[in-house]
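Residue numbers (this note's numbering): 61 to 614.
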């Protein structure tokens, strides 16, 4: 007779095709039935945070919800940082966990519902009579509000018989939010009129536009207005025509490209939250720019927004195109007068690739890698000072091919398990991790997971500067003691070899030639590759300088 855990496993597996996690007392019955009775695939990770991270990356890379699983107590608390990141980033996923018995907590139990709520996740606890229905409600909540949820199985009911598994109702999801009523119609007409009259229009799109499937409509809007385009870091590639795209807005953007954005007379922001980094701490747009935001948020998310239309980015973009055509609007012609390629150019560092201290200049490394990395790549990024290099130098084809798990919560140490989620979501593509030595060491338990799950499709670029670089550049420059910010130089190449990967210590640009040879080898004959790049800590990323300037003026 199926148990309560079986009801949960079989119901979840109808809507989730992949589960990541670590087995323990609290989820053993769930994993037993998931493995024996469903087609959902389980991927073991080595730290509970890694399970949530992998499920997070899986959604970002595929658009499909995944699940993580952990035992109660220490297993659950180990996952909290990753759960907080998913909540901050508005990523739907289900964390299936054991919990205290219904009779009350044991000496080693903690209040998991309160802990989950503290980081922004709602908990649904199953019972003997409602396990299937509660599981569907949890999935429905996660997808509707784009948030992680916790699905808890009390320890004393996990193995109880619960009868045949019922046919639980399908999750009911809301339709895209359409602009409605005379006020929205008037706002769209007014914005179309301003776009028609604009001499220097700019469209800025974010991850929300990608999730709305707005790419095609955005392309038509850009063509109808003659606008230059730009994206947030998480929206790269959403515009179908890259010829007029200025790249990432904010600190990752090239200086000349950002100057063009500042010249805009009308800027329309679609599906982007306009955080402080995208907005260059308030300096992205000029004071005279008319900024209109389109978003499903309840109200504008930045004080520089002068107009707001609440609605799905794809629906509003399509309505704007229709209105422009009705008004007989013609493209501005501005974008044809701009050398976009020149504006997007970054400093590539010295020709020999070496900084004054004799270590590699990370700009030169990033530039060299851009021409060698697999073209079908999916890039996953840990957090840290190095985060700018991939975003500046490595183009990606679409937003689901670049994910930064950890940046929403300002976390490091989530890089290696991100590989597992991306590899499962895109089994035919190369997965490229960019990580620092600080975050890499923090996530070391799941180096083995990355190597095992991605195999010859995976490679990691470790920016090894023997320091917590962001802290050195922010606090070291303020005169604080640097000893706590430094890390003894670690041999990541040797660590990689220990878990079955190929490790290469990179001290010159010539050492990167191994990547070209590796890329030419058949996938099934090569190993996961780790490039241990010994880079200089003296080269500061432009976005970091921007943060320092902003902090000095406060």
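Ideal placement from N, C-alpha and C gives every residue a C-beta, glycine not left out.
None of the values given here were measured: they were computed from a predicted structure.
| Asked | Found |
| --- | --- |
| The segment 109-124 / the segment 87-98 touching (three or more Cβ pairs under 8 Å) | no |
| Residue 174 burial status per 10 Å Cβ neighbour count (16 or more: buried) | exposed |
| Residue 582 classed as buried or exposed, judged by whether at least 16 other C-beta atoms fall within 10 angstroms | exposed |
| Residues that DSSP places opposite residue 523 in a beta bridge | 496 and 593 |
| Every unbroken alpha helix (DSSP H) within the segment 546-583, with a cutoff of 4 residues, ordered by chain | 552-558 and 573-580 |
| Counted within 10 angstroms of its Cβ, other Cβ atoms place residue 354 as buried (16 or more) or exposed | buried |
| Sequence-distant residues of the same chain with beta carbon closer than 7 Å to residue 140, five excluded per side | 175 and 179 |
| Identity of the residues DSSP links to residue 80 by a beta bridge | 103 and 128 |
| Meets three-Cβ-pair contact criterion under 8 Å: the segment 596-611 and the segment 412-430 | yes |
| Nearest-angstrom Cβ-Cβ length linking residue 263 and residue 287, presumed shorter than 8 Å | 5 Å |
| Extent of the continuous beta strand (DSSP E) to which residue 290 belongs | 288-291 |
| Contact set for residue 453: own chain, Cβ-Cβ below 6 Å, skip 5 residues either direction | 426, 427 and 430 |
| Reference residue 530; option with closest CA among 602, 306 and 569 | 602 |
| Nearest neighbour of residue 327, chosen from 161, 64, 548 and 349 [CA to CA] | 349 |
| Residue closest to residue 356, alpha-carbon to alpha-carbon, out of 240, 442, 458 and 476 | 240 |
| Residue 71 and residue 195 closer than 8 Å at C-beta | yes |
| Neighbourhood of residue 562 by C-beta, 8 Å cutoff - its chain only, sequence neighbours within 5 removed | 556, 578, 586, 587, 588, 589 and 590 |
| Spatial neighbours of residue 493 in its chain, beta-carbon cut-off 6 Å, leaving aside the 5 residues before and after | 440, 475, 479 and 520 |
| Buried/exposed call for residue 172, threshold 16 Cβ in 10 Å | buried |
| Whole-number beta carbon distance between residue 192 and residue 225, since they are thought to touch under 8 Å | 6 Å |
| Through-space distance from residue 208 to residue 146, alpha-carbon basis | 6 Å |
| Cβ separation of residue 373 and residue 272, assumed to be a contact under 8 Å, to the nearest whole Å | 4 Å |
| Collapsed DSSP secondary structure at residue 598 in the structure displayed | coil |
| Buried versus exposed, by CB contacts within 10 Å (16 or more), residue 342 | exposed |
| Rounded Cβ spacing between residue 622 and residue 378 (contact assumed at less than 8 Å) | Outside the displayed range of the chain (61 to 614) lies residue 622, so it cannot be described from this structure. |
| 6 Å CB neighbourhood of residue 113 in its chain, flanking five on each side removed | 142, 465, 474, 477 and 478 |
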